[in-house]
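Taken in sequence, the protein lines are chains A and B.
Counting from 1, one number per residue, gives the positions in the first sequence under full-length UniProt numbering.
Counting from 1, one number per residue, gives the positions in the second sequence under full-length UniProt numbering.
Virtual Cβ for every residue (Gly too), placed ideally from N, Cα, C.
Every value quoted in this text rests on a predicted model; they were computed, and no experiment measured them.
This report refers to the structure that appears directly beneath it.
Protein chains: 2
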Amino acid sequence: MTTLVIGANGQIGRQFCALAAEVGEPIRAMLRSPKQRPWFEERGIDTVIADLEGDFAHALDGCDQLLFTAGSGPHTGADKTLLIDLYGAIRSVEAARERGLSRYLMVSAMRADDPQAAPEALRPYMAAKFAADAYLRASGLSQVILKPGRLTDEPATQRVAASLEETGGVNTISRANVAHALLHLVKARGLVDREFVLLDGRRPLAEVLA
Amino acid sequence: MTTLVIGANGQIGRQFCALAAEVGEPIRAMLRSPKQRPWFEERGIDTVIADLEGDFAHALDGCDQLLFTAGSGPHTGADKTLLIDLYGAIRSVEAARERGLSRYLMVSAMRADDPQAAPEALRPYMAAKFAADAYLRASGLSQVILKPGRLTDEPATQRVAASLEETGGVNTISRANVAHALLHLVKARGLVDREFVLLDGRRPLAEVLA
């Protein structure tokens, strides 16, 4: 019952992996380079070297679900948005389907459902996320799509909300809270075909992600 | 029985519109700016001003099928690839579905089925086309996807091929031949849920697109 983490070395990925290691949740961190290994090995986290833009099917061996939290980020070149956020996600959905994985957990974004509503500079990124989510929805895989708001580096509160209405318009969430939410979702294996917007708020994670 | 042409002012779009006008095939050219109108009006072609990145639903009024030949092209910025080739295509699929159009004709690209096989510089573009095609396939719309090889400005021969095997590796097709192929497809309204690779070759269009 191991979760492959694609994007493990990212900002959310590392925080999630550290939390999973603390509670003994079995994960495998997919890394692009052996140089990224020590941080994970120090925490007793299984790793696999694989390239999301190349061959990575072997990384799924022995895993029963996949967490996609890779991202070139909204501020890198749009070429990488197309190759990582869009096509990397699509190829990982295909790999999960071919292997018959039991569940796919996608880290998307709040504005992915309506890129036109995003600030202009973020629209291309949100278009990529829209299309990746659509591909996952149409894949037939059991899935959970998490849609955080604008990410911050604030500490974890483990208190969240599910909509802008609930927060009175506050559109942010800390990466630390997203990492906690992902640990909750990874463990809640009966939760399938659900989508959650996630913002900093006042309610416990387990209530919002029920 | 009018076809809305999205991307009418593009290189393939203009050639297609001119051919359609010559044979009296009813089309409506969707244009971004009134300044683009004279070329079309001189040829007696109906036009509508609409923005693929903004509001364009009104352009579909009275049309029964949609031809998508818009493209930022493989050499513009990847931001525009995301907004036009990917998300513009997706939004036009949604618009066609909402209006209950009878058919959607997509101009895609030969390497869209396997972006990894494309030259590295074209991979982001092919990833966008892959995802747009996938969205169309999953839409439930009756559809035809045309996948031309590398485009050239050679004159029309109206002689084509359906695979690299058939051409012995020649991977090009003239935009003029693509325009003729589109006219054939627009008229062949009974042809649905088919996909065609198209290259310059030796066989008549009607044989290859049967």
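| task | Return the chain-ordered list of same chain residues with a C-beta closer than 7 Å to the C-beta of residue 99 of chain B, the five sequence neighbours on each side being excluded. | result | 60
| Min CB distance residue 62 of chain B to chain A below 8 Å | no
| field | the segment 82-114 of chain B: positions lying closer than 7 Å to chain A by Cβ | value | 82, 83, 86, 87, 90
| request: Check the Cβ of residue 150 of chain B against every Cβ in chain A and list those closer than 8 Å, keeping chain order. | output: Near residue 150 of chain B there are no residues of chain A at all, since even the closest Cβ is about 19 Å away, more than 8 Å.
| Residues from the segment 121-133 of chain B in contact with chain A, defined by Cβ distance under 8 Å | 123, 124, 125, 127, 128, 130, 131, 132
| query | Nearest chain B C-beta to residue 71 of chain A closer than 8 Å, yes or no? | reply | no
| request: Compare the C-beta of residue 7 of chain A with all C-beta atoms of chain B and state if any pair is closer than 8 Å. | output: no
| Would you call the CB atoms of residue 158 of chain B and residue 205 of chain B closer than 8 Å? | yes
| task | Just the C-alpha distance for residue 121 of chain A and residue 77 of chain A, rounded to the nearest angstrom, thanks. | result | 12 Å
| Is the segment 92-106 of chain B touching the segment 131-141 of chain A, taking contact as three or more C-beta pairs under 8 Å? | no
| message | Can you check whether the C-beta of residue 138 of chain A is within less than 8 Å of a C-beta belonging to chain B? | response | yes
| request: Could you tell me which chain B residues have their CB closer than 8 Å to the CB of residue 78 of chain A, listed as they occur along the chain? | output: 77, 78, 79, 81, 82, 124
| said: With H, G and I counted as helix, E and B as strand and the rest as coil, what does DSSP make of residue 145 of chain A? | reply: strand
| request: Rounded to whole angstroms, what's the CA-CA distance from residue 153 of chain A to residue 174 of chain A? Just pull it up for me. | output: 5 Å
| Proximal residues to residue 18 of chain B (C-beta, below 7 Å), its chain only, five neighbours per side dropped | 43
| message | So, at 6 Å on beta carbons, what are the nonlocal neighbours of residue 171 of chain A in its own chain, with the 5 sequence-adjacent residues on each side left out? | response | 149, 150
| message | In whole angstroms, give me the CA-to-CA distance for residue 163 of chain A and residue 80 of chain B. | response | 30 Å
| request: Would you decide whether residue 114 of chain A is buried or exposed? Buried here means 16 or more other CB atoms lie within 10 Å of its CB. | output: exposed
| query | With a CB to CB cut of under 8 Å and the five nearest residues on each side skipped, what residues in its chain are close to residue 192 of chain A? | reply | 103, 142, 143, 144
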